Amino acid sequence: MEYTRKDFLLAAGATASVVALPGCSSLVTRVAAPAVPARLSEVEVAPDLRRALNRIAFGPRPEDLTRVQEIGLDAYVEEQLAPERLDEGVGCRLRLGLLDTLDLDADDAKDWETSNYPEVGRGVAATDLQRACVIRAVYSPRQLYEVMVDFWTNHFNVSQLKAECSWLKTVDDRVIRRHAMGRFRDLLGASAHSAAMLFYLDNAKNRKRDEDGGAEPNENYARELLELHTLGVHGGYTLKDIQEVARCFTGWSYKAGFQWRPGDFAFHADQHDDGPKVVLGVPIPGGQGLRDGEQVLDVIARHPSTARFLARKLVRRFITDDPEPALVERIAGVFRRTDGDIRQTLAALLHAPEFRQGTVRKLKRPLEYVVSALRITSANTDAGGVLNHLERMGQLPYKWPMPDGYPDRATPWLSGLLWRWNFALDLVEGRVEGTAVPLEEITKAAGDDPKTALQRLAHLVTGTRLPEPIATQMAASAQTSASAGTITAAAVSQWLALLLSVPGFQRR
Amino acid sequence: MAGHTSIPGQDRRRRRQGILRASGLQSVHVAPETGPRGDVLVLVFLRGGMDGLHVVPAHGDPHFRPNRPTLAPPEPGRPGGVVDLDGHFGLHPDLAPLSELFAAKELALVHASGSPDRTLSHFEAMQTAERGVSDGESVATGWLARHLNSAPSRSDSPMRAVAISDTLPKSLEGALGALAVNSIAEYRLRVPDHWGTGFTSLLTQLYGGGDDSLAAAGRNTLRLAHRLESLVASAYQPAGGATYPGGAVGDGLKEVARLIKADVGLEIAQVDLGGWDAHAVQSALVAPLMEQLGRGLRAFHADLGDRMRTVTVVAMSEFGRRVQENAGAGTDHGRGTVTLVLGGGIRGGRVYGRWPGLAPAQLDTDGNLRVTTDFRDILAEIVAQRLGNPRLSSVFPNHTARFLGLADPS
Chain A
1 MEYTRKDFLL
11 AAGATASVVA
21 LPGCSSLVTR
31 VAAPAVPARL
41 SEVEVAPDLR
51 RALNRIAFGP
61 RPEDLTRVQE
71 IGLDAYVEEQ
81 LAPERLDEGV
91 GCRLRLGLLD
101 TLDLDADDAK
111 DWETSNYPEV
121 GRGVAATDLQ
131 RACVIRAVYS
141 PRQLYEVMVD
151 FWTNHFNVSQ
161 LKAECSWLKT
171 VDDRVIRRHA
181 MGRFRDLLGA
191 SAHSAAMLFY
201 LDNAKNRKRD
211 EDGGAEPNEN
221 YARELLELHT
231 LGVHGGYTLK
241 DIQEVARCFT
251 GWSYKAGFQW
261 RPGDFAFHAD
271 QHDDGPKVVL
281 GVPIPGGQGL
291 RDGEQVLDVI
301 ARHPSTARFL
311 ARKLVRRFIT
321 DDPEPALVER
331 IAGVFRRTDG
341 DIRQTLAALL
351 HAPEFRQGTV
361 RKLKRPLEYV
371 VSALRITSAN
381 TDAGGVLNHL
391 ERMGQLPYKW
401 PMPDGYPDRA
411 TPWLSGLLWR
421 WNFALDLVEG
431 RVEGTAVPLE
441 EITKAAGDDP
451 KTALQRLAHL
461 VTGTRLPEPI
471 ATQMAASAQT
481 SASAGTITAA
491 AVSQWLALLL
501 SVPGFQRR
Chain B
509 MAGHTSIPGQ
519 DRRRRRQGIL
529 RASGLQSVHV
539 APETGPRGDV
549 LVLVFLRGGM
559 DGLHVVPAHG
569 DPHFRPNRPT
579 LAPPEPGRPG
589 GVVDLDGHFG
599 LHPDLAPLSE
609 LFAAKELALV
619 HASGSPDRTL
629 SHFEAMQTAE
639 RGVSDGESVA
649 TGWLARHLNS
659 APSRSDSPMR
669 AVAISDTLPK
679 SLEGALGALA
689 VNSIAEYRLR
699 VPDHWGTGFT
709 SLLTQLYGGG
719 DDSLAAAGRN
729 TLRLAHRLES
739 LVASAYQPAG
749 GATYPGGAVG
759 DGLKEVARLI
769 KADVGLEIAQ
779 VDLGGWDAHA
789 VQSALVAPLM
799 EQLGRGLRAF
809 HADLGDRMRT
819 VTVVAMSEFG
829 RRVQENAGAG
839 TDHGRGTVTL
849 VLGGGIRGGR
859 VYGRWPGLAP
869 AQLDTDGNLR
879 VTTDFRDILA
889 EIVAQRLGNP
899 RLSSVFPNHT
909 ARFLGLADPS
């Protein structure tokens, strides 16, 4: 049995390795390279449309700007709220297909990495998942869905840095993806049963206090469940509540043998504290076994503090670092009335006047910055070398060590501008491994007159024209390197590097 | 967080004028240095909740050993035993490199010290510690940032504060000059050689205008890149036979030593050492951390030599651990822990703080070592005595500091 599985894995891997050879990655380029418009648009895109694309999506692609202008924002929002009706697209599928471990169960991924075949690198499963994150963010038409997957990935953070999570996170990612636009109670429950979460926050080690005294139940999961996943730290619970929740979850674990497949959750009745408990004032009767934990999840998923805490985080993600309490209350109300329907809560948020008309701009975090740069430049990427840049900027996906997820406010990221500028420089100069910007096509699409071309590019990337003295200097620097009446790809490369570095492109 | 100020609306005319200025580098306001500078403060943040009883065992307390049946090292004098300091406290054998610094009276320890935080959540407690506030108090700036903003000798160095990490720690949030880097050599703009100076000059203009935090951050970044370019031209050789251990704290302290010796105007540095959250198999988890910490501080001390006279190092954690070890040979979140203070101006060779004791009645109601010294008392004394900043009410608002007498005036 084991032999067969390994055999299969190696066969699959061998195929994938062949596909990954240069000849075949040019197949990906040929079939799935993003198109550059034949001519860059001179139509001004309304600022509110661009801002919406910066927030609903990981930034616009050139063709998104014209398309959303045509169909209108309402139609775009409706389309994005129903990702199941959107095809993931060949650009996504072909690139994801090159990642050997993406569809493996955790133990298979571990086997694969620890096999004696030298071509299989340690840590490849963790890297494959990070690459998949970037590939989907760049190429998937289901942009809002990918934004929400990122949101919940951070909300229910499981760091690949913690031992077996290097493989377990690959399976946990499917848990997040299955429920990212569904019902919060389902997502919360799936996370509570996920082997990765059981391992990461030590719930698998949580067992009742022995008869002869000894250790108390492990409180780690109980604490983060209340503080980070549901009520929020000021949500009105006490240390006693944490201890009672911990008792309710005693015996939650995974099956012996550490198979770590979905569905490998196990409840060990002999480790469960079956006495009566009280959680947030709600009596939990004795003798319920596994039902204790489920009842806790029911209570906290529907607690008003949870609605408020999640609404606040969503407003922070989509609108502003400093959410207005009135808007938070409104969104929390929708969350409560729909029994935690994530899609309907998002619909309310994306139709709110504060979202449509707000002028406050968020600072892009590194992942948002890198992906938006790859999208607006129609870059072709396998998301390999890109990861080195994300690591340097401090936001490699799934690597935040602590359970609270990457910060979603501007201040902690302000000191990292140099790394963004260096990414822009490396990107246009072809120095990001596995990534190329179609400079020739962009140059052709921009037109022949340097100043007009520059302003078209400026408008494409930042949504505004460059101020006059700077535009003149930039156009002049291009003319020195151009033959009469045309611009060169070398000039466009310098322009793009600068446009991707300006303050306006750091915000969304 | 409450108290966060929004970015003021941009004034179109002023922005235009800013862009028209020849160079953002020159347009940054330069405040002359006033008065002598105090020590460089190096903060080593031990993330995850360091078990003070593991690191500095109270081997003289009769309740220590019964609470730690598997975790306590053997008695002093036995193989692998506690390194005794004063008959009551000792160092874990993995921290033995620090005993010489203690004997030389440059290392002071403050036991049963810690944060006023009562949530025992890592994030809340780190926030409370790094913001430098009371439990539940919420402000948008860190205590190191408030020190930098209120210190009388305000310099214009673009390198006043550095965190050796990916992102800025909460202690430095609100200090615009503060930077997060992993190493000095990384801090350069990779403009292709054949591009000439056009790119940097245009970027400087584009960030030259604007009074928002993003534009200011851009200007700081450009200034610093320029300054560090010359520094990294030559390889670094630690002095005094120092050998830094590998890992976050050794690498971080080495970069900090280099910056101190390069006189770039560094006042504050923060280095993080995470991984102390040992809910299970604590001995195995924290042994490498203690080794890195002990050898790292020892190497830093040797490398800086005479310059340690004007350097103070504080190693602190957001909270300690439960006194009684758990069934997994680990410990759960607790309160009091130990804080390490090292420096030429420190009255070392002593364990400071009132020892509350480990008997059941002496612990708090959750079974934790009580906090008898608020970490702000230690930090405030260093701010006032070693960093020369008397404005303690700005640095630690709503807190009346009680000095322990562990620092000489600089």
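Order-wise, the sequence lines are chains A and B.
284 is the number that my numbering gives to position 284 of the first sequence; each next residue is one higher, with no gaps.
756 is the number that my numbering gives to position 248 of the second sequence; each next residue is one higher, with no gaps.
C-beta atoms are modelled at their ideal positions from N, C-alpha and C, and glycine is treated no differently.
This structure is a prediction, so every number in the text was calculated from the model and none was measured.
Interface residue (Cβ-Cβ distance to chain A less than 8 Å): B/Trp703 is classified as such.
Per the C-alpha coordinates, the member of A/Ala215, A/Arg316, A/Glu227, A/Asp210 positioned closest to A/Asp270 is A/Asp210. For A/Ser415, the neighbours in chain B by C-beta distance under 7 Å run, in chain order, Leu676, Ala686, Leu687, Ala688, Ala725. DSSP, read as helix, strand or coil, puts A/Phe505 in helix. Sixteen is the threshold: since fewer than 16 other Cβ atoms of the shown chains lie within 10 Å of the Cβ of A/Gln357, the residue is exposed. Residues of the same chain with a CB within less than 7 Å of the CB of B/His571, apart from the 5 flanking positions on each side, are Leu866, Ala867 in chain order. Residue range 304-318 is occupied by the alpha helix (DSSP H) that includes A/Phe318. Inside the stretch 700-788 of chain B, DSSP marks whole alpha helix (DSSP H) runs of 4 or more residues at positions 706-716, 721-739, 756-769, from first to last along the chain. Annotation: B/Ala869 has no Cβ neighbours in chain A at a cutoff of 7 Å; minimum Cβ distance is about 18 Å. Under DSSP, no beta-bridge partner is assigned to B/Ser679. Non-local C-beta neighbours of A/Asp426 in its own chain, meaning closer than 8 Å and more than five positions away in sequence, comprise His389, Val432, ordered along the chain. With a cut-off of 8 Å on Cβ pairs, the stretch 199-206 of chain A is not in contact with the stretch 227-240 of chain A, counting fewer than three such pairs. Close to chain A, meaning a Cβ-Cβ distance shorter than 8 Å, are the following residues of the stretch 834-850 of chain B: Asn834, Ala835, Gly836, Asp840, His841. B/Asn728 and B/Gly760 have their C-alpha atoms some 21 Å from each other. The beta carbon of B/Thr820 lies closer than 6 Å to those of Asp547, Leu549, Gly851, Ile890, Arg894 in the same chain, with the five residues before and after it left out.
Given a length threshold of 4 residues, each whole run of the alpha helix (DSSP H) inside the stretch 352-394 of chain A is given here in chain order: 353-357, 366-376, 386-393.
Using a C-beta cut-off of 8 Å, the stretch 902-912 of chain B makes contact with the stretch 879-887 of chain B, since at least three inter-stretch Cβ pairs fall below that distance.
The criterion of a C-beta distance shorter than 8 Å is satisfied by A/His272 and A/Thr250. When only Cα atoms are considered, A/Trp413 and B/Lys762 end up about 24 Å apart. A/Trp252 is bridged by DSSP to A/Phe267. Linking B/Val822 to B/Arg545 through their CA atoms gives a straight-line distance of about 19 Å. Below 8 Å, too few C-beta pairs join the stretch 484-498 of chain A and the stretch 52-72 of chain A to call them touching: fewer than three.
For A/Leu280, there is no enclosing beta strand (DSSP E), since its DSSP letter is neither H nor E.
Looking from the CA of A/Gly504, the closest CA among B/Phe631, B/Leu652, B/Arg830, B/Gly726 belongs to B/Gly726. For A/Ile487, not one C-beta of chain B is nearer than 8 Å to its own C-beta. In terms of CA proximity to B/Arg735, B/Glu694 leads the group B/Glu694, B/Tyr715, B/Gly755. For A/Arg136, the enclosing alpha helix (DSSP H) begins and ends at 124-139. Under the three-state reduction of DSSP, B/Gly851 is assigned to strand.
For A/Glu354, no chain B residue has a Cβ inside 8 Å of its Cβ, as the nearest lies near 14 Å away. Secondary structure at A/Tyr221: helix, using DSSP grouped into helix, strand and coil. When CB distances to chain A are screened at a threshold of 8 Å, the residues of the stretch 772-783 of chain B falling below it are Gly782, in chain order.
Using a 10 angstroms sphere on the CB of B/Tyr715, the tally of other CB atoms reaches 16 or more, which defines it as buried. Against chain B, the CB of A/Gly214 has a partner CB under 8 Å away; the residue lies at that interface. Residue pairing by DSSP puts B/Asn876 in a beta bridge opposite B/Arg830. Looking at the DSSP output, A/Leu53 sits in no beta bridge, so it has no partner there.
Per DSSP, B/Arg555 lies in no alpha helix (DSSP H); the unbroken beta strand (DSSP E) holding it starts and ends at 548-555.
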